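In my numbering, the protein residues as written are 560 to 732.
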């Protein structure tokens with residue numbers, strides 16, 4: 560949610576306005592062990608698409624007022640899922656049988672954990688977990704692979720992981 564609210568180059572949620580102008584669609588989801596951003600677009604918009612994905616993954620602003628605004632939305636989603644028997648049962652199974660495992664926690668969290676979130680806590684989490692060592696890019700369709708490698712390096716090549724780990728050499732793709 561927060562990545563789409565504001566990034567360095569799109570501080571006013573105007574990233575979402577640009578996507579349809581490119582003939583593209585974009586979305587994201589979070590699961591137990593991953594966050595996936597996906598973008599469908601014409602191959603002629605490859606560079607703009609990679610630039611948009613770089614903005615979402617590398618440069619979210621995570622502002623306090625955006626965090627406050629999203630809390631009610633997420634808490635409402637949690638309530639909606641609690642009213643779906645299949646999801647509610649899955650949550651029950653997770654809590655009962657993964658009692659010593661992080662999988663016991665719901666992906667969306669709980670109303671209490673959402674209320675306790677702050678921009679500072681989320682930025683710290685982002686810095687710890689959202690970096691090249693924990694990321695990969697998948698591209699499908701008809702496009703120029705050499706151009707893709709060049710653009711990948713341009714938009715993601717300077718992305719750093721914590722510690723002494725170095726990203727893969729993009730020429731190996």
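Just so it is clear, CB atoms sit at the ideal spot from N, CA and C, and this is done for glycine as well. Bear in mind that the values here come from a model prediction, so they are computed numbers and not experimental data.
Cut-off 7 Å between Cβ atoms - residues of its own chain near residue i, not counting five sequence neighbours on either side
{"i": "residue 569", "result": "614"}
{"i": "residue 609", "result": "710, 711, 714"}
{"i": "residue 591", "result": "662, 666"}
{"i": "residue 583", "result": "598, 599, 600, 604, 608"}
DSSP state of residue i mapped onto helix, strand, coil
{"i": "residue 669", "result": "coil"}
{"i": "residue 696", "result": "coil"}
{"i": "residue 621", "result": "coil"}
{"i": "residue 565", "result": "coil"}
{"i": "residue 615", "result": "helix"}
{"i": "residue 597", "result": "strand"}
{"i": "residue 587", "result": "strand"}
{"i": "residue 702", "result": "coil"}
{"i": "residue 560", "result": "coil"}
{"i": "residue 645", "result": "helix"}
{"i": "residue 717", "result": "coil"}
{"i": "residue 678", "result": "helix"}
{"i": "residue 684", "result": "helix"}
{"i": "residue 575", "result": "helix"}
{"i": "residue 722", "result": "coil"}
{"i": "residue 664", "result": "coil"}
{"i": "residue 712", "result": "helix"}
Beta-carbon spacing of residue i, residue j below 8 Å
{"i": "residue 632", "j": "residue 670", "result": "no"}
{"i": "residue 587", "j": "residue 622", "result": "no"}
{"i": "residue 611", "j": "residue 598", "result": "yes"}
{"i": "residue 560", "j": "residue 629", "result": "yes"}
{"i": "residue 616", "j": "residue 694", "result": "yes"}
{"i": "residue 567", "j": "residue 640", "result": "no"}
Integer Cβ distance of residue i from residue j, believed to fall under 8 Å
{"i": "residue 565", "j": "residue 650", "result": "Contact doesn't hold; Cβ gap of about 31 Å is too wide."}
{"i": "residue 662", "j": "residue 637", "result": "Not quite, the Cβ-Cβ distance comes to about 17 Å (not below 8 Å), so this is no contact."}
{"i": "residue 581", "j": "residue 604", "result": "5 Å"}
{"i": "residue 720", "j": "residue 691", "result": "5 Å"}
{"i": "residue 602", "j": "residue 700", "result": "6 Å"}
Close beta carbons around residue i, own chain, < 6 Å, minus the five adjacent residues each side
{"i": "residue 657", "result": "663"}
{"i": "residue 585", "result": "578, 598"}
Beta-carbon contacts of residue i that lie in its chain and below 8 Å, excluding the five residues immediately before and after
{"i": "residue 682", "result": "621"}
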